[in-house]
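Chain order of the listed sequences is R and V. Per my numbering, the first sequence starts with residue 2, numbered consecutively. Per my numbering, the second sequence starts with residue 2, numbered consecutively. Note that CB positions come from ideal geometry on N, CA and C, so glycine has one too.
There are 2 protein chains.
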Amino acid sequence: MGQTAGMNRIKPVSMKQVSIKDDFWSYYIDLVRDVVVPYQWEAINDQVEGAERSGAVSNFKIAAGLQEGEFYGYVFQDTDVAKWLEAVAYLLINERNADLEQIADGMIDIIGDAQQSSGYLNTYFTIKEPDKKWTNLTECHELYTAGHMIEAGVAYYQATGKRKLLDICCHMADDIERVFGYGPDQIRGYDGHQEIELALVKLYEVTGEKKYLELSKYFIDERGQKPSFFEAEAERRGWTTIWSNNKLQLDEGYYQAHKPVREQDVARGHAVRVVYMLAGMADVARETGDASLFEACRKLWGNIVSKQMYVTGGIGSMAQGEAFSVDYDLPNDTVYSETCASIGLVFSAQRMLQLEPDSAYAEVMERALYNTVIAGMSRDGKRFFYVNPLEVNPKVCSGANHNYNHIKPVRQEWFGCACCPPNIARLLASLGEYIYSVQDKTVYTHLYIGGEAAIEVAGTKMVLKQDSSIPWEGKVSFEVEVDQSAEFGIALRMPQWAANVQVTVNGEAYDVTNKIVNGYAVIERVWESGDRVELVMEMPIKRVRSHPLIKGNAGKVALQRGPFVYCIEEADNGAQLQQLILPQDSELHVSDDPAIAGGIVAISGEALRMNMDQWGQALYQYDEPIPLKQAQIKFIPYYAWANRDMGEMSVWVKEQL
Amino acid sequence: MGQTAGMNRIKPVSMKQVSIKDDFWSYYIDLVRDVVVPYQWEAINDQVEGAERSGAVSNFKIAAGLQEGEFYGYVFQDTDVAKWLEAVAYLLINERNADLEQIADGMIDIIGDAQQSSGYLNTYFTIKEPDKKWTNLTECHELYTAGHMIEAGVAYYQATGKRKLLDICCHMADDIERVFGYGPDQIRGYDGHQEIELALVKLYEVTGEKKYLELSKYFIDERGQKPSFFEAEAERRGWTTIWSNNKLQLDEGYYQAHKPVREQDVARGHAVRVVYMLAGMADVARETGDASLFEACRKLWGNIVSKQMYVTGGIGSMAQGEAFSVDYDLPNDTVYSETCASIGLVFSAQRMLQLEPDSAYAEVMERALYNTVIAGMSRDGKRFFYVNPLEVNPKVCSGANHNYNHIKPVRQEWFGCACCPPNIARLLASLGEYIYSVQDKTVYTHLYIGGEAAIEVAGTKMVLKQDSSIPWEGKVSFEVEVDQSAEFGIALRMPQWAANVQVTVNGEAYDVTNKIVNGYAVIERVWESGDRVELVMEMPIKRVRSHPLIKGNAGKVALQRGPFVYCIEEADNGAQLQQLILPQDSELHVSDDPAIAGGIVAISGEALRMNMDQWGQALYQYDEPIPLKQAQIKFIPYYAWANRDMGEMSVWVKEQL
């Protein structure tokens, strides 16, 4: 199983090769194009009335000398512009748009003017603390910010062929390469927030410049080495922190700098940083063939998905530090589960699939994408969740119980710290990147999302047309177009949530029983144009139980159908969701509900409910158990929650034991 | 039902009249005398190696000019000395002790020297900010600190007849009376932390000086009036706060100053302040016959005990602000439930019993006392809980998951903010004060604690000897001694946790069926010396369920036997307590366990446990429910938890529904 990078090279099929046309996902991509990206442009230009000020664009104008004023926002405010540009680039790959491109070009011109002659590019330090450059890597996100600009530069070049932003980024990266390294006059350090690592590999891939790959590897190798860079840096700075006048309290685990990355077998600290780091590690492992780094990726990934991931694909259970807690500590109500962390998990999964084609990675990618990621955005694309709880009681939110200060029972407008909305936008706009990959003679299908892909496999150029009724129904068909007949394999992921998967090739049953490798049914044959593969799978309602070491889920059940994890909401079930109990044998049935979030498939059935009528006023009562009564229960997909009136929600429901 | 204060005056039987000799409680009182008070004297003198510095005594020496140095500790550090002196006074009431008295007299001399000529007494402001006196009532606890000194002064006078500390307190109170009030040159304000209110009523009672009662009433009446005193004060001060360099964020609800006390029908904010306020309100209602204040007490009390109290008698479910949350929000794991808050609840209950003899108050008093209060101290009297969780997982404490930073899985040594240990000491040392009260011709027995009480009832002096096997067994006997036969009533609380209560008078069955008034069986007769009343009650194991609006307890059961709420610990049941399920019909039996916490009665029975053996590695699994297997379960009284190896604990256990 698996590979050492460099051998049997796996490549994702890039989004340039894929055009999505899908009943479920096209809506989101259109939404990003028509609503999210235009709205975010207004937001970063401070033109949205009532929204928190951003300052992101004006910071660049100030740094470029085009405008007077002071820096506004977080030290990493530049990334809102970068992520917006990256999303724009993906939209332009999907469909050129001269107006949008013109706006982006204008922004890029400003960015160019804001860059210093050395290549340095960061409006916070340029405007506000020009003498403090590279003095607080621990906290100030300088390389993180650079990384996002590089991702934008690479994407915009791929989209438009225009080199300006790419050149700006190369100039910036060359400056970074001069500043950081093992040399006597170089900073032997790395950033507090990982991101540059994966960005530099992208820059390497598009430019072919090996120095960028080496710089990425340097940041990964150096992280967590002793003596501690962050300690030494803090010492030089007098232990100042940008957050207050107090002294810095350095917790290196928060930054994944407590030990070298190859020794980190438990995900710890800020969740987004962990998965961005993991993506960068996997990139470098793939490009350099570093087996020890590949093994480190597997360990860290394994810990996350087998001990620290919510059933919704959320990660990072702790609000303080937006961080991982300890193994199996996954509270549903005080949870953090940042949208960006699940986006990072998707990034990591895609990278792991480039190290070894194992459907376990794709399953997690799908889980995060169909649940937490799209739950992060309202159906109209205008409101966002930063935190994604699995259990909500609005009565204790909004300051009533301070344990829930971070939990919002309804999605919010653009945030001051606006990492999540543009991150959703860039992921959705680039969704084509996550569907297929190719290894040797095999095309892997990781996600069942309709559209066309132009793929080169085993020397053959082919077009693969996918038509998918997933996520709502279980039928997917593929049609192959080739110039001339060719032998290769198509590997179809066999989803864990599916049952009785029937495959036909050109209408004839195809027995995949002995063809399943690492979760994929591999159909190898000589393909002709017009060949059709069909999958028909049942999507039964799955009762999900969690590992009995997860304290909060013991005795509870969740439902899943297809890729969707379900939840119950007050709008359908009344308040006091804790009073509902699902018998193990109660029949559940699906039904369309066109009124919720643009139309969903709901799950309903008979349940039991604690009968409060007979309780009275006492807080505690002796001897008599609370009687149960029959009750209807209705589940909707988790991603669609909070699109109606504010109310309670819960993913996990008590089960009759 | 009930009374307007002034009519049918109810008086508690003071601890001077009661000597406790009880199998359960004498141990604790001896512990306070032999261990806690000596240890705390060392602690407040900074003589305990390894413990946090206190500074409390040296602050007084510095303020008195007897020592050089700087103030150390919290603004209310003086109260540690006051509470220690108060506990000493109670011990001296129980048993004179020349050595201890000499130490206390020496301390009082220092306190006298630290008092300013005006009467002002507070070492923080005397030493550190002499020009800031009375400028930050909101935060600086000046009147709170004064209140504790008054309680000490009253108690020490009652114990020894020595007036020195009492006179110091009168001098201080007179100064306060000059400073505060409705006059043009007076501060029309009150303290951020209630305490002076109840203390001034004590001072009034011992001195007969009505002005102290009026001052107390003034503080209560003025609290929460508009325009806001705290706002005006902050405005004058420029919104400074003593906690940081930031601006004060004023949440008047935290201080119960968001509305006048008579309009507060929901307990809100810092829990200790609420119950100290409630005690003071009840005191003033009783002494002034203020019916509206009495009604306000009932409302606030009713909200606490019927919507915001843990089954252990803990209150204040929220760590931030050590505060009440909202109705029915009683999480078991992130709970606060400060020991001092339950002590304050005992204070309030005793005051409510002086407004109306209703056993509901005594039930709560007993619940808090036998569970949270004594859980607050280790069996050896050397370690303390500040926070009293109902569910503990040590793996997430100690910084692993920051939601549990305030939860300690083992009791701690003396704290820097040492409110709880001396509060436990003074309550236990004065336990005699809480057992009986008298109204008209009736002696009420609220707690079944053995000993002798000298009581005057209906003009007759009598001695009531109680012999109690509560809390472990259900037999209590009383013997009456009177100079001459007299007619009066003895009202015996009929505990809610008891069954089949049999009463005999002089060995003959006495049918109480129609004699029960407000939860007390009233035995009225002409009593002769040697008359004996016996209660024999069954103490069945009670299964407790909580109101179905308490989300965290739905589907769970707790056990209670007698006054004790029980819990399960890892030491008896293995780890992963969430995997245990108690069938509704499983037989439970009691057994002595002499090895735990000096000997307890345990409860054991058959339960079910989720069988992890068949689970495997996956975090989530489809379709197969987790199989259950037979398991033994063992409960111990909650107060005795954490006296063995560190481990998990839970009060509420899953119930098979």
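### Message
Can you tell me whether R:V602 is buried or exposed? The criterion is at least 16 other CB atoms within 10 Å of its CB, across all chains shown.
### Response
buried
### Query
If we cut at 9 Å on Cβ distances, does R:V306 have a partner in chain V?
Judged by the 9 Å Cβ criterion, R:V306 is in contact with chain V.
### Query
Does DSSP put V:Q48 in a helix, a strand or coil?
coil
### Helix, strand or coil at V:Q41 according to DSSP, with G and I counted as helix
helix
### Per-residue contacts from R:S118 into chain V (C-beta, under 9 Å)
Chain V residues near R:S118: none, gap ~39 Å exceeds 9 Å.
### Message
Would the region 35 to 52 of chain V count as touching the region 61 to 71 of chain V if we require 3 or more Cβ pairs under 8 Å?
### Response
no
### Task
Check each candidate in R:K22, R:N98, R:A200 and R:D192 and name the one with the smallest Cα separation from R:A83.
Closest by alpha carbon: R:A200.
### Query
chain V partners of R:I634, CB-CB under 7 Å?
The premise fails here: R:I634 is roughly 15 Å from chain V at the closest Cβ pair, so nothing lies under 7 Å.
### Query
In the DSSP assignment, what residue or residues form a beta bridge with R:L629?
R:M611
### Query
Which one of R:V155, R:D23, R:V37 and R:V14 has the shortest CA to CA distance from R:R380?
R:V37
### Task
Let me know the beta strand (DSSP E) ranges lying completely inside the region 550 to 590 of chain R, each 3 residues or longer, listed in chain order.
557 to 562, 565 to 570 and 581 to 583
### Task
State whether the region 636 to 651 of chain V contacts the region 616 to 623 of chain V, with contact taken as three or more CB pairs (one from each stretch) at a distance under 8 Å.
no
### Query
So, are the CB atoms of V:A233 and V:T241 less than 9 Å apart?
no
### Query
Looking only at C-alpha atoms, which of V:V155, V:S245, V:I197 and V:Y640 sits nearest to V:G209?
V:V155
### Message
To the nearest angstrom, how far is the alpha carbon of R:Y736 from that of V:N333?
### Response
One cannot answer for residue 736 of chain R here, as it falls past the ends of chain R, which runs 2 to 658.
### Query
What are the partner residues of R:H271, as DSSP defines its beta bridges?
DSSP lists R:A324 as the beta-bridge partner residues of R:H271.
### Query
Leaving out the 5 sequence neighbours to the left and right, which residues in its chain are closer than 7 Å to V:I243 when beta-carbon positions are compared?
V76, N137, E140 and C141
### Task
Have a look at V:L251, V:D330, V:N247 and V:M173 and flag the residue whose alpha-carbon is nearest the alpha-carbon of V:Y213.
V:M173
### Query
Thinking C-beta only, is R:T313 closer than 9 Å to R:Y652?
Per the sequence shown, residue 652 of chain R should be read as Val rather than Tyr. Taking 9 Å as the Cβ cut-off, R:V652 and R:T313 qualify as a contacting pair.
### Query
Can you give the beta carbon distance from V:L578 to V:E656, rounded, assuming they're within the 8 Å contact cut?
Rounded, the Cβ-Cβ distance is 14 Å, inconsistent with contact.
#### Entry: Span of the beta strand (DSSP E) around V:G452
G452 to V458
#### Entry: Helix, strand or coil at V:M16 according to DSSP, with G and I counted as helix
helix
### Message
At a CB distance below 7 Å, what residues from the region 509 to 521 of chain R approach chain V? Give them in sequence order.
### Response
none
#### Entry: Selected residue, minimal CA-CA separation from R:I471, among R:E457, R:V19, R:G563 and R:L346
Ranking R:E457, R:V19, R:G563 and R:L346 by CA distance to the CA of R:I471 puts R:G563 first.
### Message
Quick check on R:N515: buried or exposed, where buried means 16 or more other Cβ atoms within 10 Å of its Cβ?
### Response
exposed
### Query
What residue from R:I604, R:Y145, R:K211 and R:Q257 has the CA that sits closest to R:G225's CA?
R:Q257
### R:R660 in three-state terms, based on DSSP
Any question about residue 660 of chain R goes unanswered here, given that chain R covers just 2 to 658.
### Query
When the cut-off is 9 Å and only beta carbons count, does R:N394 lie next to chain V?
yes
### Task
Please state whether DSSP places V:M366 in a helix, a strand or coil.
helix
### Task
Measure from the C-beta of R:H590 to each C-beta in chain V and report whether the shortest distance is under 9 Å.
no
### Task
Pick out whichever of V:F61, V:K557 and V:E539 has its Cα sitting closest to the Cα of V:V591.
V:E539
### Message
Rounding to the nearest angstrom, what Cα-Cα distance links R:T146 and V:H548 in this structure?
### Response
51 Å
### Message
Less than 9 Å between CB atoms is the rule here; does V:W498 satisfy it with respect to chain R?
### Response
yes
### Bridge-paired residues (DSSP) for R:R263
DSSP, once it has assigned bridges, lists no residue as partnering R:R263.
#### Entry: Cβ neighbours of R:Y362 in the same chain (closer than 6 Å, five flanking residues each side left out)
A350, M353 and L354
### Query
How would you list, in chain order, the residues of chain C whose beta-carbon sits under 9 Å from the beta-carbon of V:M611?
The chain inventory of the structure shown lacks chain C, comprising the protein chains R and V.
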